[in-house]
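Following: one structure in structure tokens, then a few remarks.
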Amino acid sequence: MEPYELAIKIIRILDKKKLEDLEIIEVKDLTTLTDYFVIAICSNTRQTKAMAEELEYLLKEEEIVAWQAEGYSTAQWILLDYLGVIVHILYKEDAQFYGLHRLWQDGKKIEIKSVIA
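Counting from 1, position 63 in the sequence shown corresponds to residue 43 in our numbering; the numbering is continuous, with no gaps.
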């Protein structure tokens, strides 16, 4: 699966959970780490952990497995690395503190409404 298609699949899964904020940022021209960041903001750490676990479970059912996962111990910022797509699932206070939106503001934001419909 191409990174863009995976990012869309991930957004569609997370959108069903009615999170506070979802975003896809294309960063392939800015970094060699990945092509896309998916950022999801949760209202509490229980939700952060539950969203990450469910996302991993649903993708694993389709034989899409994270290359690396970090942050489950505190559940404040969970990172799931699918190589072409890195998913950041953050507790809202940590999202405000770290400001990933600001750090990657030069990236191309993908319009969520156009890909969820």
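Note that beta-carbon positions come from the ideal geometry of N, C-alpha and C, so glycine has one too.
Cβ pair residue i, residue j closer than 8 angstroms
i     : j       : result
Ile96 : Asp15   : no
Ile5  : Gly87   : yes
Ile92 : Met31   : no
Leu35 : Ile(-7) : yes
Leu10 : Gly64   : no
One or two residues paired with residue i in a DSSP bridge
i     : result
Ile69 : Ala20 and Ile58
Gln48 : Asp61
Asp1  : Ile21
Ile90 : Ile4
Whole-angstrom C-beta distance between residue j and residue i, which should lie under 8 angstroms
i     : j     : result
Ala55 : Thr25 : 4 angstroms
Thr28 : Tyr78 : Not confirmed; about 13 angstroms, so no contact.
- request: Report yes or no: do the segment 19 to 28 and the segment -5 to 4 share at least 3 C-beta pairs separated by less than 8 angstroms?
  value: yes
The segment 30 to 39 in contact with the segment 53 to 66 per 3-pair CB rule at 8 angstroms: yes
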